[in-house]
């Protein structure tokens, strides 16, 4: 069907995406983050539903579904390739870099002119990104995340630093470091090779309020009716 099958083995033969800490594991959560993890996930309106999509789960309102399922945003970072719509297009000019993601057709417009970040009161789905060059490496600094787009339990305090370096004519090395002292005991870094593709980006035919959501909520109401009859 539409699955995007992998055809290459990563040259490093690494078994973990995580390169720091050296053990390849996500650092432990701090105490407050562990407490947040115990809260009702649906009440937090997560970016991604982490517990599966079992029947009847979170069907009281469209607000109960994840932001990704509602076609609003997949958020950042994009560090794991899913089975489809995983392509990325990078467009570069003298003072801007645009990263276009095939999944949910989202675009990041990243200034390179040393302007400061937005006021801390301004919070955005994908944060506020600023870029600069360190030799042949593009460094992207992102802050100002919304508290509605948590990544693995992160808060709006998440600070993300990405480094994109060309390794070969058809390969970029993508590294991203996550720092949120209100979530993890230390920063941690992921590295992924990005290989050039000759294919095209396809439209991600999903929009907020599409009829699939009506079907989900209608199914929930039918289950409510059936439960009352028992």
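Residue numbers (our numbering): 335 to 564.
Positions of the beta carbon are idealized from the N, C-alpha and C atoms, including for glycine.
Segment contact: the segment 420-429 against the segment 452-460, fewer than three CB-CB distances shorter than 8 Å; contact not assigned. If the five residues before and after residue 475 are omitted, its C-beta is found closer than 6 Å to the C-beta atoms of 464 and 495, all from its own chain and listed in chain order. DSSP links residue 471 through a beta bridge to 468 and 499.
The C-beta separation of residue 514 from residue 488 comes to about 5 Å, placing the pair in contact by the 8 Å criterion. For residue 551, the enclosing alpha helix (DSSP H) has its first and last residue at 545-563.
In the DSSP assignment, residue 366 falls outside any beta strand (DSSP E) and lies within the alpha helix (DSSP H) extending over 365-371. Between residue 485 and residue 409, the C-beta spacing is below 8 Å. In this structure residue 499 is not in contact with residue 544, their Cβ atoms being roughly 38 Å apart against a cut-off of 8 Å. In the DSSP annotation of this structure, the continuous segment of the beta strand (DSSP E) that includes residue 422 starts and ends at 422-426.
Cβ contact annotation for residue 449 (same chain, cutoff 7 Å, sequence separation greater than five): 464, in chain order.
For residue 439, the three-state secondary structure derived from DSSP is helix.
Going by DSSP, residue 406 is part of no beta strand (DSSP E) at all; its letter is neither H nor E.
Rounded to the nearest whole angstrom, the C-alpha separation of residue 508 and residue 527 is 6 Å.
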